[in-house]
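Student: Shown below is the structure under consideration.
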Amino acid sequence: MLEKEERILKQDAKEVNLNAETIQEMKIYNAMRSGVAQGKKRSQRRFYSYGAGAVFATAAAIFLIFFSIGLPAGDTGDSDLGGSAQAASTKSWDHFAAYRNQPLHNRLVADILERDLIKPVRQSATNKGYRMNVDGAVTDGRKVYILFSVQNDTDTEVIPADTKIQFGDFEVPYPHRGAALEMAYDSGDSRIQPGQSKDFIYSTNYPASIAYSKDVKFTLILTGTSDQALTSSSNKYRTALEVSFELDPARFKDQERTLSVNRTLTVDGQKIKVRQVQYTPLNTYVDLEYDKANTKRMFSLLNPVLIATTGSQTDKLVYPGRITADNSEVYKDHSQATLVFRYTKLNHPDSTTLTIAGISALEPDRMKFVVDLNKQQVIEAPTNDFEMVTSKQEHNATADEILLRRKVANLSYYTDSQGAVQAEYIGAGLADKFTDANGKVHERTNRETALHNFGGTTISSDGTGIDEMSLFFDSQAADYPQPLTISVERIWNPILEKQSIELFAKK
Numbered sequence: 016m017l018e019k020e021e022r023i024l025k026q027d028a029k030e031v032n033l034n035a036e037t038i039q040e041m042k043i044y045n046a047m048r049s050g051v052a053q054g055k056k057r058s059q060r061r062f063y064s065y066g067a068g069a070v071f072a073t074a075a076a077i078f079l080i081f082f083s084i085g086l087p088a089g090d091t092g093d094s095d096l097g098g099s100a101q102a103a104s105t106k107s108w109d110h111f112a113a114y115r116n117q118p119l120h121n122r123l124v125a126d127i128l129e130r131d132l133i134k135p136v137r138q139s140a141t142n143k144g145y146r147m148n149v150d151g152a153v154t155d156g157r158k159v160y161i162l163f164s165v166q167n168d169t170d171t172e173v174i175p176a177d178t179k180i181q182f183g184d185f186e187v188p189y190p191h192r193g194a195a196l197e198m199a200y201d202s203g204d205s206r207i208q209p210g211q212s213k214d215f216i217y218s219t220n221y222p223a224s225i226a227y228s229k230d231v232k233f234t235l236i237l238t239g240t241s242d243q244a245l246t247s248s249s250n251k252y253r254t255a256l257e258v259s260f261e262l263d264p265a266r267f268k269d270q271e272r273t274l275s276v277n278r279t280l281t282v283d284g285q286k287i288k289v290r291q292v293q294y295t296p297l298n299t300y301v302d303l304e305y306d307k308a309n310t311k312r313m314f315s316l317l318n319p320v321l322i323a324t325t326g327s328q329t330d331k332l333v334y335p336g337r338i339t340a341d342n343s344e345v346y347k348d349h350s351q352a353t354l355v356f357r358y359t360k361l362n363h364p365d366s367t368t369l370t371i372a373g374i375s376a377l378e379p380d381r382m383k384f385v386v387d388l389n390k391q392q393v394i395e396a397p398t399n400d401f402e403m404v405t406s407k408q409e410h411n412a413t414a415d416e417i418l419l420r421r422k423v424a425n426l427s428y429y430t431d432s433q434g435a436v437q438a439e440y441i442g443a444g445l446a447d448k449f450t451d452a453n454g455k456v457h458e459r460t461n462r463e464t465a466l467h468n469f470g471g472t473t474i475s476s477d478g479t480g481i482d483e484m485s486l487f488f489d490s491q492a493a494d495y496p497q498p499l500t501i502s503v504e505r506i507w508n509p510i511l512e513k514q515s516i517e518l519f520a521k522k
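This is the structure we're talking about:
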């Protein structure tokens, strides 16, 4: 079986190299891992995206996807964002014709739409000359997808700026980890010009352990595109559109199948328990639990492959998405995770096998940088492959920061929320606070000016990558007692060890 899985992984690697050609030399900036939660904590507008194919810029937003971006907190004296009125949609309707007439960027949703699984909603909300038409939605109780359009009947250009969603009495708390808002098919500008209408797809994880309810309330917040509107904390530049509708999380209950597994993979001494495999009409879910006795912090499995076999039929599922405590409200700690594979017709397999190429993991006591800014010295680093970049002036770096670069290989791949294959994020996620030599804790701040041609990840088609990062603490950090210590929340540290485990087999 291991020889067979090795051939599959080699085949997958060739497929990935072809896909990687389209993302060669693309930069993924370090802001990705500083977290959307910073948007409300810090008094400036920041934008975030995850994955090599996911890009979101400011008012000239280009291509596809933007997560909840964290608008500055509204002034307490401002009026709220109320005023949205709901009614039946008056949009011309022909069984999702608008979404079928052009290829959707989101391959996952395109497949779901093609199989006629999306439930029509056809409700609209209007407010201040803007209209949101919620055309349809679907959930299997784990993932949620909503198709909607926005019509701008004002003389002011706007962009979608944030979202909210409520299931029954439970409103998903900010920063809506795992939620994504993307343009349905227009790969151009996400700004909505006066008189224009644009189609969007919203996706999120269904919250775990909440009271059963069919009631959903979805809210879209629009904002103007002027500099003042984009940086202001005032709600006067924003407009909310809110639609309530029914969406049954148990709709596919009769078509779902859950196999209890409770088998353990062991890689580098770290134990990963596979609790269950769940087949639904939307996706295939593999639920994992990391042993609390593990000596390393688990980040991800490398290139998981799930193989379902029924008679002579074999379905190989590759590049799963992931549900973790980092990107969802489903899990509250890092002891559990879910691999989200694509839908398979073999939901009653004779056997199911999971193969991995290894893990990305690191000992907790190594997850930190210890640096002396005055001596320009890195005393401790999470891994031994970081090198200092001394040509700081050409990158517009300050004298009191440290630039680092590392080369990586053995990249892992996954499917993003749009169904596109992406390279694993290989950068280091830094904590929001750091400690000086006297034990005093300081808040890490943003740079006032951007670095020039430096920062983020460059991924090449040969399966290698280069990660560049700045250890910038704040403008007074060099005056604090040295050295300074900052924790690392996540880092790429591949441990190659092929493993294969049979999860299920009919006797």
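Each residue of the sequence shown is one higher than the one before, starting from 16 at the first, in the working numbering. Each residue gets a CB set at the ideal place from its N, CA and C atoms; glycine is no exception.
#1: One question on the structure: do Y429 and Y358 come within less than 8 Å of each other, judged by their Cβ atoms?
#2: Can you have a look at H120 and say buried or exposed, based on whether 16 or more other CB atoms are within 10 angstroms of its CB?
#3: Could you round the C-beta distance between A435 and I506 to whole angstroms and report it? I think they count as a contact, below 8 Å.
#4: Whose C-alpha, out of V136, D263 and N461, is nearest the C-alpha of G183?
#5: Leaving out the 5 sequence neighbours to the left and right, which residues in its chain are closer than 6 Å to A594 when beta-carbon positions are compared?
#6: In the DSSP assignment, what are the bridge partners of Y276?
#7: Do you know offhand how far L256's Cα is from V456's?
#8: At a cut of 8 Å, does the segment 183–194 reach the segment 219–230 through at least three beta carbon pairs?
#9: Does the separation of the CB atoms of S375 and S315 fall below 8 Å?
#10: Which whole-angstrom value describes the C-beta separation of V289 and L369, a residue pair presumed to lie in contact below a C-beta threshold of 8 Å?
#11: Rounded to whole angstroms, how far is the Cβ of T353 from the Cβ of D306, which I believe are closer than 8 Å?
#12: Alpha carbon to alpha carbon, how far is E416 from I501? Give it in angstroms, no decimals.
#13: Can you tell me whether DSSP reads N468 as helix, strand or coil?
#14: Quick one: what does DSSP say D263 is sitting in, helix, strand or coil?
#15: Who are the near neighbours of T464 in its chain, counting only those whose CB is closer than 8 Å to its CB and skipping five residues on each side?
#16: Which stretch, first to last residue, makes up the beta strand (DSSP E) that contains A417?
#17: Measure from the alpha carbon of S490 to the alpha carbon of each residue in G454, D400, L388 and E483, then state which is nearest.
#18: Would the beta-carbon of L179 fall within 8 Å of that of G151?
#19: Tell me the residue span of the beta strand (DSSP E) that contains E129.
#20: For D494, tell me which candidate among K522, P509 and N453 has the shortest Cα-Cα distance.
#21: In terms of residues, what are the limits of the alpha helix (DSSP H) holding A244?
#22: Where DSSP assigns a beta bridge to M484, which residues make up the other side?
#23: Using DSSP with H/G/I as helix, E/B as strand and the rest coil, what is P379?
#24: Run through DSSP, which three-state label would T166 get?
#25: Report the three-state DSSP secondary structure of A443 (helix, strand or coil).
#26: Check whether the segment 102–119 touches the segment 265–273, counting contact only when three or more Cβ pairs, one atom from each stretch, lie closer than 8 Å.
#27: Would you list the residues sitting across from H457 in a DSSP beta bridge?
#28: Return the residue from the list R157, G470, F233 and Y189 that minimises the CA-CA distance to S164.
#29: Considering just the uninterrupted stretch of the alpha helix (DSSP H) at D290, what are its terminal residues?
#30: Rounded to the nearest angstrom, what separates P364 and T324 at their Cα positions?
#31: Let me know if A372 comes out buried or exposed under the rule of 16 or more other beta-carbons within 10 Å of its beta-carbon.
#32: Check E257 in the structure and name its three-state DSSP category.
#33: So, helix, strand or coil for N399, using DSSP?
#34: L418 and K407 - do their beta-carbons sit closer together than 8 Å?
#35: Less than 8 Å between C-beta atoms, sequence neighbours within five positions excluded: which residues of the same chain meet that for I225?
#36: Please confirm whether L132 and V153 have their CB atoms less than 8 Å apart.
Tutor: Quick answer:
#1: no
#2: buried
#3: Contact doesn't hold; Cβ gap of about 24 Å is too wide.
#4: D263
#5: One cannot answer for residue 594 here, as it falls past the ends of the chain, which runs 16 to 522.
#6: Reading off the sequence shown, one finds Val at residue 276, where the question assumed Tyr. Answer is none; V276 lacks a bridge partner.
#7: 41 Å
#8: yes
#9: yes
#10: 6 Å
#11: Not confirmed; about 17 Å, so no contact.
#12: 13 Å
#13: coil
#14: coil
#15: N411
#16: It should be pointed out that residue 417 corresponds to Ile in this sequence rather than to Ala. I417 to V423 is the span of the beta strand (DSSP E), which, as asked, contains I417.
#17: L388
#18: Per the sequence presented here, residue 179 reads as Lys, with Leu not at that position. No, the pair does not count as a contact, with Cβ atoms beyond the cut-off.
#19: Here E129 belongs to no beta strand (DSSP E); instead the alpha helix (DSSP H) covers R122 to E129.
#20: N453
#21: D242 to T246
#22: L419
#23: helix
#24: It is worth fixing the name first, because residue 166 is Gln in this sequence and not Thr. Correct three-state label for Q166: strand.
#25: coil
#26: no
#27: F449
#28: F233
#29: The sequence shown places Arg at residue 290, not Asp. Here R290 belongs to no alpha helix (DSSP H); instead the beta strand (DSSP E) covers Q285 to Y294.
#30: 5 Å
#31: buried
#32: strand
#33: coil
#34: yes
#35: F182, G183 and F185
#36: yes
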